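Engineer: These protein sequence lines are chains P and E, in that order.
Take any residue in the first sequence, count from 1 to its spot, add 943: that is its number in the working numbering.
Take any residue in the second sequence, count from 1 to its spot, add 14: that is its number in the working numbering.
C-beta: ideal position from N, C-alpha, C; glycine also.
Treat the numbers as computed from the prediction; the structure is a model and nothing was measured.
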Amino acid sequence: MFGYLRPESSELKVREHELYKSVYCGLCKSMGKDYGIITRLTLSYDCTLLAMFAISVKGECSHVKDGRCVVNPVKKCRFCSSEGEGFHFAGAVSVIMTYYKLLDTIADSGFFKRTAARILKAMFRHSYKRAEKAYPDIAASVKAALDRQFKAENDDSRIDSAADPTASLLSELCRSLSQDEAQKRILGTFGYFLGRWIYIMDAADDLEKDIKHDNFNPFRKNVSDDIEQTMNYCNDVLNMTVSQLVPAYDLLELNSYKEILDNVMYYGLSFQQKHCLFDKRKRKKCKNKEKDYFAYLSNGDKRS
Amino acid sequence: MNDPYKVLGVTPSASDADIKKAYRELAKKYHPDKYADSPLADLASEKMKEVNEAYDQIVNERKNGGASYSNAGQSGYSSSYSSGYSYSGADSVYNRIRKMINDGLFVQAEQELSGIASGSRGAEWYYLMGVVYYRKGFLEDAYNYFQTACQMDPANVEYRAMFSRIQQQRSGAQNGYNANANTNGSGCSCADCCDCISCLLCTDCLCSSCR
Chain P
944 MFGYLRPESS
954 ELKVREHELY
964 KSVYCGLCKS
974 MGKDYGIITR
984 LTLSYDCTLL
994 AMFAISVKGE
1004 CSHVKDGRCV
1014 VNPVKKCRFC
1024 SSEGEGFHFA
1034 GAVSVIMTYY
1044 KLLDTIADSG
1054 FFKRTAARIL
1064 KAMFRHSYKR
1074 AEKAYPDIAA
1084 SVKAALDRQF
1094 KAENDDSRID
1104 SAADPTASLL
1114 SELCRSLSQD
1124 EAQKRILGTF
1134 GYFLGRWIYI
1144 MDAADDLEKD
1154 IKHDNFNPFR
1164 KNVSDDIEQT
1174 MNYCNDVLNM
1184 TVSQLVPAYD
1194 LLELNSYKEI
1204 LDNVMYYGLS
1214 FQQKHCLFDK
1224 RKRKKCKNKE
1234 KDYFAYLSNG
1244 DKRS
Chain E
15 MNDPYKVLGV
25 TPSASDADIK
35 KAYRELAKKY
45 HPDKYADSPL
55 ADLASEKMKE
65 VNEAYDQIVN
75 ERKNGGASYS
85 NAGQSGYSSS
95 YSSGYSYSGA
105 DSVYNRIRKM
115 INDGLFVQAE
125 QELSGIASGS
135 RGAEWYYLMG
145 VVYYRKGFLE
155 DAYNYFQTAC
165 QMDPANVEYR
175 AMFSRIQQQR
185 SGAQNGYNAN
195 ANTNGSGCSC
205 ADCCDCISCL
215 LCTDCLCSSC
225 R
């Protein structure tokens, strides 16, 4: 996962923001305990959200305790912990996904990156085994999804089929959170479009990088000279996905963290679209323009 | 039945205005228009019913006994959950496929559609293929199919309603980010007016397609 799922902090209340932070720290702690210290490095906003979502859907009881940050012991932290398996679940997803991401990097990168990934893989091996043992289903799903992803990227480059493996994976993961049939159906739809959104967002965000390094990207055939126009197209695709995602989310029975989850769904997603597709690029463009301008100025100096 | 106050998410001490507000919010949340063509339409309709009943019950109780009661929830939001597709076309193959789609047999419907020779694929073929892909979650393919259907048969109300609904979704007017909108919130931008008008047109098309 890639860190696109986060609340829009300007729309959060201070106490909600603190609660969010405590879940983030709580997940970090729980991952360290469950799967080994090194797995704390894999902590991401996406998995924090997944943990909150799992706890909320399962209706688990969670509480907040004071403590100190492991990475920076001077800093005081609040840790959220839950009695159920929400944190273990999200931690396992994070560890397993990271491990398969490393395998993927080893398979298709240059020498230096490959070597670094090999070393990391060796370090993660033990943690992965632990996560796999605890959640064999997740490991199997992730592996199957990556195989399908590999095939989809080679077969054809339609956006829908490229996004399908990630979407189906998230759909499966979300479905596993409930036993109730109706709830499962909603979770399945919700997960599908959430996975689709994440995949497309990542593809759109990496578009320029992928073109430069000649990597696969589903949007490559849609690229026009005007990058803004391409981004508008990506934004349309994302909007349509969100239009399917939010109605499914609205039907879910949530038991806790409702304000924060609402924030992510109603503000966070669109904010990320705005930030990654438009604002970030504009800033880059301004910088480049500035550079050109200064280059022009200094050339002018030389001329005179 | 559940506690009606809990369903609406208010306390029993809430004022009539608060209850009405909570009801309005929920009715908007589960509104049938939002779930048109959604695979979850039946669940949304259940929720809507629950909310309507809860609101009715509270209004009833507050009216003291509620003997002469006939009001509120039922008005406006209740029916119109017609997720089915009409069987108007003369072609029996397409009617059979429409029935499959209604029954949720998407894989079968897709197979059947793929079996039709590419020479004899009319606008309806593209429309139905679009519906199948839409339900599968392959939204871009669906969008392209609907677009082709509309181009081939611009006069068809059904195709046009579907297509404009999707364009509405893509614009980010309801959910997502509207890149063309005035995000500062100062004044009414032209895009907003257009959205408003297209929204009205959309609902109009929807209503006429229900009949």
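(1) Should Leu1112 of chain P and Gly1131 of chain P be called a contact, given that it needs their Cβ atoms to be closer than 8 Å?
(2) Decide yes or no for the touch test of the region 990–1005 of chain P against the region 1022–1035 of chain P: beta carbon pairs closer than 8 Å, at least 3 of them.
(3) Are the CB atoms of Leu941 of chain P and Leu1188 of chain P nearer to each other than 8 Å?
(4) Are the CB atoms of Val65 of chain E and Tyr44 of chain E within a distance shorter than 8 Å?
(5) Evaluate contact between the region 1177–1193 of chain P and the region 146–166 of chain E, counting only Cβ atoms and requiring at least three cross-stretch pairs below 8 Å.
(6) I want to see whether chain P comes within less than 8 Å of Asn189 of chain E, judged by CB atoms only; does it?
(7) Using DSSP's beta-bridge definition, name the partner residues of Val21 of chain E.
(8) The region 1110–1122 of chain P: which residues have C-beta closer than 7 Å to a C-beta of chain E, in chain order?
(9) What residue does the alpha helix (DSSP H) around Arg1021 of chain P start on, and which one ends it?
(10) May I ask which residues mark the beginning and end of the alpha helix (DSSP H) holding Lys1008 of chain P?
(11) In whole angstroms, what is the alpha-carbon distance linking Asp1169 of chain P and Arg1163 of chain P?
(12) Roughly how many whole angstroms lie between the Cα atoms of Ser1257 of chain P and Thr991 of chain P?
(13) Among the residues of its own chain, which have a CB less than 6 Å from the CB of Lys1127 of chain P, if the five just before and after it don't count?
(14) Quick check: is the beta carbon of Leu1063 of chain P nearer than 8 Å to any beta carbon in chain E?
(15) According to DSSP, is Ser1199 of chain P part of a helix, a strand, or is it coil?
(16) Using a 10 Å radius around the Cβ and a threshold of 16 neighbouring Cβ atoms, would you call Tyr1004 of chain P buried or exposed?
(17) Between the region 963–972 of chain P and the region 1011–1029 of chain P, can you find at least three pairs of beta-carbon atoms closer than 8 Å?
(18) Pair every Cβ in the region 156–166 of chain E with every Cβ in the region 135–144 of chain E, then say whether three or more of these pairs are closer than 8 Å.
(19) Can you tell me whether Tyr1176 of chain P is helix, strand or coil according to DSSP?
(20) To the nearest angstrom, how far is it from the Cα of Arg1057 of chain P to the Cα of Phe1159 of chain P?
(21) On the criterion of 16 or more Cβ atoms from any shown chain inside 10 Å, does Ala1050 of chain P qualify as buried, or is it exposed?
(22) Given this structure, state the Cα-to-Cα distance separating Ala28 of chain E from Ala1060 of chain P, to the nearest angstrom.
(23) From Glu951 of chain P to Tyr1210 of chain P, what distance separates their C-alpha atoms?
(24) Judging by CA-CA distance, which residue of P:Lys1223, P:Glu1115, P:Lys1201 is the nearest neighbour of Leu955 of chain P?
Structural biologist: If we stick to the structure as given:
(1) Mapped onto the first sequence, residue 1112 of chain P falls at position 169. Mapped onto the first sequence, residue 1131 of chain P falls at position 188. No, Cβ-Cβ distance for Leu1112 of chain P and Gly1131 of chain P is not below 8 Å.
(2) The region 990–1005 of chain P and the region 1022–1035 of chain P touch, with no fewer than 3 CB-CB distances between them shorter than 8 Å.
(3) Any property of residue 941 of chain P remains undetermined from this structure, which presents chain P solely from 944 to 1247.
(4) As a working mapping, residue 44 of chain E is identified with position 30 in the second sequence. As a working mapping, residue 65 of chain E is identified with position 51 in the second sequence. The beta carbons of Tyr44 of chain E and Val65 of chain E sit closer together than 8 Å.
(5) Yes, since at least three Cβ pairs between the region 1177–1193 of chain P and the region 146–166 of chain E fall closer than 8 Å, the two stretches touch.
(6) In the second sequence, residue 189 of chain E corresponds to position 175, counting from 1. So, interface residue.
(7) Position 7 of the second sequence holds residue 21 of chain E. Bridge partners of Val21 of chain E: none, in fact.
(8) Listed in sequence order: Ala1110.
(9) The residue labelled residue 1021 of chain P in the question sits at position 78 within the first sequence. Segment 1019–1025 is the beta strand (DSSP E) holding Arg1021 of chain P; no alpha helix (DSSP H) there.
(10) Working through the first sequence from its first residue, we reach residue 1008 of chain P at position 65. Per DSSP, Lys1008 of chain P belongs to no alpha helix (DSSP H); it is in the beta strand (DSSP E), 1005–1011.
(11) For the purposes of this step, residue 1169 of chain P is taken as the residue at position 226 of the first sequence. For the purposes of this step, residue 1163 of chain P is taken as the residue at position 220 of the first sequence. Those two C-alpha atoms are separated by around 13 Å.
(12) Beyond the ends of chain P as shown, which are 944 and 1247, falls residue 1257 of chain P; an answer cannot be given.
(13) Numbered from 1 along the first sequence, position 184 holds the residue referred to as residue 1127 of chain P. Counting only Cβ-Cβ distances below 6 Å, and skipping sequence neighbours, we find Arg1118, Ser1121.
(14) Position 120 of the first sequence, counted from the first residue, corresponds to residue 1063 of chain P. No, no contact with chain E.
(15) Numbered from its first residue, the first sequence carries residue 1199 of chain P at position 256. In the structure shown, Ser1199 of chain P sits in coil (DSSP, three-state: anything other than H, G, I, E or B).
(16) For the purposes of this step, residue 1004 of chain P is identified with residue 61 of the first sequence, where counting begins at 1. The sequence shown places Cys at residue 1004 of chain P, not Tyr. Burial call: exposed.
(17) The region 1011–1029 of chain P is in contact with the region 963–972 of chain P.
(18) Below 8 Å, enough C-beta pairs join the region 156–166 of chain E and the region 135–144 of chain E to call them touching: three or more.
(19) Mapped onto the first sequence, residue 1176 of chain P falls at position 233. When DSSP states are grouped into helix, strand and coil, Tyr1176 of chain P belongs to the helix group.
(20) In the first sequence, counting from the first residue as 1, residue 1057 of chain P sits at position 114. In the first sequence, counting from the first residue as 1, residue 1159 of chain P sits at position 216. Using only the alpha carbons, I get a separation of about 18 Å.
(21) Residue numbering aside, residue 1050 of chain P sits at position 107 when the first sequence is read from its first letter. Exposed: under 16 other Cβ atoms inside 10 Å.
(22) Along the second sequence, read from residue 1 onward, the residue named residue 28 of chain E stands at position 14. Along the first sequence, read from residue 1 onward, the residue named residue 1060 of chain P stands at position 117. Their Cα atoms are separated by approximately 59 Å.
(23) Reading the first sequence from its first residue, position 8 is the one you call residue 951 of chain P. Reading the first sequence from its first residue, position 267 is the one you call residue 1210 of chain P. Cα to Cα, Glu951 of chain P sits roughly 6 Å from Tyr1210 of chain P.
(24) Along the first sequence, read from residue 1 onward, the residue named residue 955 of chain P stands at position 12. Residue P:Lys1201 is the option with its Cα nearest to Leu955 of chain P.
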